Each structure stands twice: as structure tokens, then as C-alpha cells.
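This report refers to the structure that appears directly beneath it.
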Amino acid sequence: MRVPRDSLAISFKEIRQLGRDPISLILTFMFPIVLIGIFIVIAGAFGAPSYNIPVAVADLDNSPASQVLVNRMTTSPIIRVVELLPTEDQALSLVQGGSVLGAVIIPQGFGQSLLTTGRAFVVIQTDNSKITTPTLILAAVNIEAQNLASTSGAQFGVKQATVSVIVRPISGRPPSGDQILPGFLGMITVLGAFDDIVNAITRERERGTFPRLLLSPVNIISIYTGKMVATVLLTVLRTTLVLIIFVLMGLTIHGNILLVYLTTALIAVFTLSLGLVMSARIRGSSTLTILEITLTFPLFSLSGVFQSPELLASGGRAIASVLPWTYGNEALRRVIYLGLGPSAIAGDLLILFVSSLVMMPISLMLSRRTM
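Its first residue numbered 1, the sequence shown is counted upward by one per residue in my numbering.
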């Protein structure tokens with residue numbers, strides 16, 4: 001009878017201990033429900049009825065036929081014409097700067113060629129560093145071009161017409177490089193920083209070393225700053241290792257490599273800042289680990305690691321737009337594949353930096369309340 005009695009006592013002890021950590025208790029029951037909900041959210045985010053991929057159009061012809069084609073593209077469910085420009089160079093600069101993902105060039109003489117020979121062409125210049133979007137832009141323009149060709153007989157008196165679409169990728173990944181490598185670098189940075197969070201605070205609390213650190217003459221701001229510096233140093237080492245692997249796989253880094261290190265460092269600092277807020281309220285390392293896994297799983301799908309945020313449904317795009325990691329991944333893509341400089345990624349880095357500054361005072365305040 002002693003074994004069942006002792007087993008029952010231990011069971012009650014475990015339940016009482018779990019009850020002392022309400023967040024862990026809630027996650028015990030809610031984790032499966034949250035996981036199912038995440039799958040539903042992601043499925044909804046990727047189930048986009050339309051994509052609205054931003055493109056610029058340079059109509060160099062300004063003929064009735066070219067105007068019809070432009071009007072057709074403005075109603076496409078796949079692309080969204082955000083700029084109608086007079087020159088090819090202006091459209092090209094928007095693609096190179098990352099403002100749009102493609103440029104459609106309707107050459108001079110487009111309408112005349114369609115009327116006299118029944119054959120014409122348009123040129124699309126795409127940002128090939130984005131995942132899937134060049135193919136979707138090509139498909140959308142090709143659909144509208146063929147619709148114009150099929151209806152041109154009734155509109156312009158042409159018996160049989162053909163409109164070809166010529167693709168000119170102006171920038172992007174080399175053939176040997178994988179299209180999601182910048183996203184993978186961002187993902188590895190986030191995972192490493194999350195692991196630093198568990199080691200930095202929660203496990204120190206469990207070992208009893210964190211309270212001793214707080215009782216020392218060292219200010220808590222210095223404690224958190226020191227932990228951030230350690231995370232930055234570890235991130236530099238992780239980034240170096242990952243870049244070596246990527247280069248061996250054939251990746252070409254077109255931009256300044258120091259900007260890559262700066263971006264990954266800011267991603268890690270923001271992740272650690274957010275984690276410090278979480279760890280101020282969560283005591284157990286296992287609970288924090290479960291919560292981090294729960295957060296990171298949808299994070300990678302929504303922040304542009306596996307697919308461009310522009311391809312998400314409206315709800316998914318809204319979520320992606322408020323995630324600082326989205327801007328970090330975008331900065332890595334622009335530097336690594338497009339070769340852009342500091343001015344092109346300054347806004348992305350500023351969002352990461354400001355987000356970290358917002359998180360740090362919150363974590364300090366919560367830490368003081370839970371000492």
C-alpha cells in the first residue's frame with residue numbers, strides 16, 4: 001500500500017508545483033489548442049484570393065492598344081500597378097530600390113506593331129531575389145497580354161495577334177544560390193537569440209545565480225546590457241559560420257558584408273529584448289521554451305523566411321507589417337541579393353532598433369516588480 005500512497009503524494013506535489021506557475025499551467029492545457037489555432041491562422045494567411053504584388057508600368061507608346069493593356073493590368077488580382085511612369089529608367093530604379101517587385105515596359109511602337117504585323121511585345125523587369133513573385137508577375141502580365149491579343153481583332157481590326165512577354169531579371173540570386181537563404185540566416189539568428197534568453201535569465205533563476213547577481217553592486221541595467229553584448233558577440237560568431245556555409249553552397253553576397261552583421265545583430269538584440277520581457281513573467285525554462293516554440297513557428301511563415309509577405313492574404317500582410325523580424329529579413333535580402341547600401345535598409349534597421357528601445361524599459365520595469 002505504501003507505493004500507491006507515495007505515488008499519489010508525489011502526484012499531488014507535482015500538481016501543486018504546477019499551480020504555483022500559472023502560465024505553465026495554462027500552457028499545459030492550451031498548447032494543443034494554440035498549435036491548432038496557429039495552423040488555422042497560417043492557412044488563412046496564405047490563402048490569398050489576390051496577391052496585389054506592387055509593380056510599376058512605363059508606357060512608352062501611349063497608344064490606344066497600350067492604354068487598354070495598362071487598364072487590364074490595373075484590374076489584375078495578382079499585380080497592383082502603383083506607379084505609371086514615362087521612362088524605363090524610372091521604373092527600373094523603383095525595382096532596384098525595392099519599392100516595387102517588377103516593372104512592365106510597353107515599348108514605343110507597341111500599338112503600331114500590333115496593327116500592322118499582328119505581333120508586339122512587352123518587357124517585364126523583375127526582382128528575382130523575392131520568392132515566387134517573379135513567376136506570378138510574369139503570369140499576370142502574360143494573361144493580360146493574351147487577353148489583349150485575343151480581343152484586338154474586335155477593337156483594332158487585327159485578324160490574328162500575338163503579344164509576347166520578355167523577361168529581364170535585373171537583380172537577384174545567382175543560379176547556385178537558394179532563394180530563402182537570407183531568411184534562413186534571419187531564422188537562425190532569432191533561434192540563437194531565443195536560446196540566449198533561456199540561458200540569460202530563466203536558467204540563472206533556476207540555478208539560484210540570478211538573485212545573487214541582483215544582490216551584487218552591479219546595476220540591473222548593466223546586467224541586461226552585458227547579456228545583450230554577449231548575445232551580439234554570439235550572433236557575430238553564428239553569422240560568420242552560417243555565411244561560410246552559404247558561400248560554400250554557392251551564395252554570392254552582393255552588398256557590404258558589414259551590413260549583414262549589423263542587421264543580424266539588431267535582429268538578435270530585438271529578440272533578446274522581447275525575451276527579457278517574457279522571462280520577467282515566466283519563471284521556468286521549460287515553460288519559456290514551449291512559449292518560444294509556439295511563437296517562432298508562425299513567425300517564420302509570416303516574417304518572410306519561406307515566402308514573401310506580399311503573397312500573404314490581407315490579414316497575413318497586416319500581421320507581417322507589425323513584426324520587426326519582417327524588416328530584418330527584408331534588410332538581409334536587400335543587402336545579400338540586391339547589393340543595396342545603408343540608405344536602402346536604414347528604415348528597416350531603424351524599426352528593429354526602436355523596437356528594442358521600447359522593449360528594454362518594459363523588461364526592466366517588470367524585472368524590478370518580480371525580484
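We put the CB at the ideal spot given by N, CA and C, even for glycine. Please read all numbers here as calculations on a predicted model, not as lab measurements.
Distance between G328 and V322, taken at the CA atoms: about 12 angstroms. DSSP places Q125 in the uninterrupted beta strand (DSSP E) bounded by 119-127. A residue is called buried once 16 or more other Cβ atoms fall within 10 Å of its Cβ, and N128 is buried on that count. For T239, the closest of L181, E292, T74 by C-alpha to C-alpha distance is L181. A straight line joining the alpha-carbon of M360 with that of F353 spans about 11 angstroms.
Pairing V190 with W325 gives a Cβ-Cβ distance under 9 angstroms. Exposure of G347 is indicated by the presence of fewer than 16 other C-beta atoms within 10 angstroms of its C-beta. In this chain, the alpha helix (DSSP H) harbouring A318 covers 314-321.
Between V100 and L138 a beta carbon distance of about 15 angstroms is seen, past the 8 angstroms cut, so the two are scored as non-contacting. Remark: C-beta atoms of L114 and A65 approach each other more closely than 9 angstroms. Considering only V277, L148, I53, the residue with the shortest C-alpha distance to V95 is I53.
The three-state secondary structure of I79, taken from DSSP, is strand.
By the neighbour-count criterion, in which 16 or more other beta carbons inside 10 Å mark a residue as buried, V247 falls on the exposed side. Beta bridge pairing from DSSP links D59 with I106. Here the alpha carbon of I221 sits roughly 48 angstroms from the alpha carbon of E83.
By the neighbour-count definition (other C-beta atoms within 10 Å, threshold 16), A318 is an exposed residue. Taking C-beta separations shorter than 6 angstroms and ignoring five residues to either side along the sequence, the partners of I362 in its chain run V277, following chain order.
Within the same chain, V165 come within 8 angstroms of N142 by CB-CB distance, once the 5 residues on both sides are set aside. When DSSP states are grouped into helix, strand and coil, P54 belongs to the strand group.
Residue environment analysis places M187 among the buried positions, since at least 16 neighbouring C-beta atoms fall within 10 angstroms of its C-beta. When DSSP states are grouped into helix, strand and coil, T135 belongs to the helix group. The C-beta distance from L185 to T264 rounds to 7 angstroms, short enough to meet the 8 angstroms contact threshold. CA-to-CA, the gap between R119 and L69 works out to about 14 angstroms. I267 is positioned such that its CB atom lies no closer than 9 angstroms to that of T296. In the DSSP assignment, T326 falls within the unbroken alpha helix (DSSP H) covering 324-336. Bounds of any alpha helix (DSSP H) do not take in S99, whose DSSP letter is neither H nor E. Within the same chain, G304, D348 come within 7 angstroms of E330 by CB-CB distance, once the 5 residues on both sides are set aside. F121 places its beta carbon 9 angstroms or farther from that of S63. With contacts defined as CB atoms closer than 9 angstroms, A103 and I124 qualify as a contacting pair.
Here V163 really is in contact with A145; their C-beta atoms are around 4 angstroms apart, less than 8 angstroms. Counting along the chain, N71 sits inside the alpha helix (DSSP H) bounded by residues 64-74.
A straight line joining the alpha-carbon of L85 with that of T126 spans about 16 angstroms.
Short of 8 angstroms from the beta carbon of R72, and not among the five residues preceding or following it, lie these beta carbons of its own chain, in chain order: E144, N147, L148. In this structure, S273 is the residue among I106, M249, S273, R80 with its C-alpha nearest to the C-alpha of A193.
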